[in-house]
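Oh and the sequence shown: position 195 is 774 in this note's numbering, straight run, nothing missing.
All remarks here apply to the structure that follows.
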Amino acid sequence: MNDTVSYMTTTDAGVARSPRGRAREEAILAAAVELVSEVGYERLTCDAIAARARASKATIYRRWSGKAELVADALRRQAQGDGPIALPDTGSLRGDLLAAVRATARAVTGTGDLAGPSLLGLVEAVRDDPVLRAQVRSQIEDGSARVGRDVCARAAARGELLTHVEGGPVVVVAVAHVLLTTLLHGAPPTDGERAALVDTVLLPLLGASPRPSPSSSRGDHR
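Here you go:
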């Protein structure tokens with residue numbers, strides 16, 4: 580099962596890039612990730628990104644409107660990798676929601692040896708910078724709407740009955756849960772906590788009945 584669902588959406592700009600242009604873009608995004616981790620968002624400049632990536636500022640501004648859009652794009656790329664976003668197909672609405680929440684936790688917080696900023700690490704910058712806030716909000720809202728729409732459409736095609744079919748706000752609830760849990764507890768939700776979220780919050784919001792599977796204990800890794 581592929582759980583690379585992202586809470587962020589891709590942008591249309593630069594879809595038809597040459598291999599050279601694609602490599603340059605990747606270098607710029609990598610430089611942005613490195614520098615925002617080293618110096619923080621506030622001290623980050625497009626000059627520094629250009630120097631680290633060995634690119635011109637003109638190249639950056641042809642692709643991005645400024646550092647807020649660039650950092651938001653770097654976050655999205657870091658979260659989902661470079662390639663099509665794959666929605667998990669588990670065979671049930673409950674399973675799809677569990678996989679989406681797990682993928683959201685990975686995207687929001689970063690996992691394993693992944694270096695660089697996560698959305699969680701930029702909470703203060705998102706709060707203080709209205710441009711970055713607008714970029715991140717747009718990506719989360721658009722991505723959540725797409726994930727929710729696709730998950731609900733798949734459930735309907737299976738014959739699963741839903742009384743509410745607006746899935747976007749439900750996915751936003753999942754993102755908020757992951758962020759708040761991680762901020763308050765220092766780690767993302769456990770398997771058991773994710774299952775509880777799906778069974779007691781997300782499925783009821785969609786008007787669906789939970790179909791419990793053997794749940795994980797509190798000792799499950801996060």
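Every residue gets a Cβ at the ideal spot worked out from N, C-alpha and C, and that includes glycine.
Taking C-beta atoms as the reference points, A679 and V750 count as a pair closer than 8 Å. Per DSSP, T624 lies in no alpha helix (DSSP H) segment and is marked neither H nor E. The DSSP assignment places no complete run of the beta strand (DSSP E) inside the stretch 597 to 655 (cut-off: 3 residues). In terms of Cα proximity to S717, the closest of V757, R685, E648 and G738 is E648.
One Cα belongs to V777, the other to Q714, and the distance between them is close to 28 Å. In the assembly as shown, A610 is a buried residue. Its beta-carbon has 16 or more other beta-carbons within 10 Å. DSSP places V715 in the uninterrupted alpha helix (DSSP H) bounded by P709 to R737. For the pair R728 and P748, the Cα-to-Cα distance works out to about 10 Å. The beta-carbon distance between R712 and V705, rounded to whole angstroms, is 5 Å. This is short enough to meet the 8 Å contact definition. The shortest CA-to-CA distance from V612 to any of Y640, T742, R631 and G600 is the one to R631.
Residue range G747 to H764 is occupied by the alpha helix (DSSP H) that includes P748. If you look at A787, you'll find it isn't in any alpha helix (DSSP H); DSSP assigns it neither H nor E. In the three-state DSSP reduction, T779 falls in the helix class (H, G or I). Looking only at S644, I719, A629 and L608, the smallest Cα-Cα distance to L758 is reached by I719.
Its chain contains S671, L672 and A787 as the residues whose beta carbon lies nearer than 8 Å to that of E739, once the 5 sequence neighbours on both sides are disregarded; these appear in chain order.
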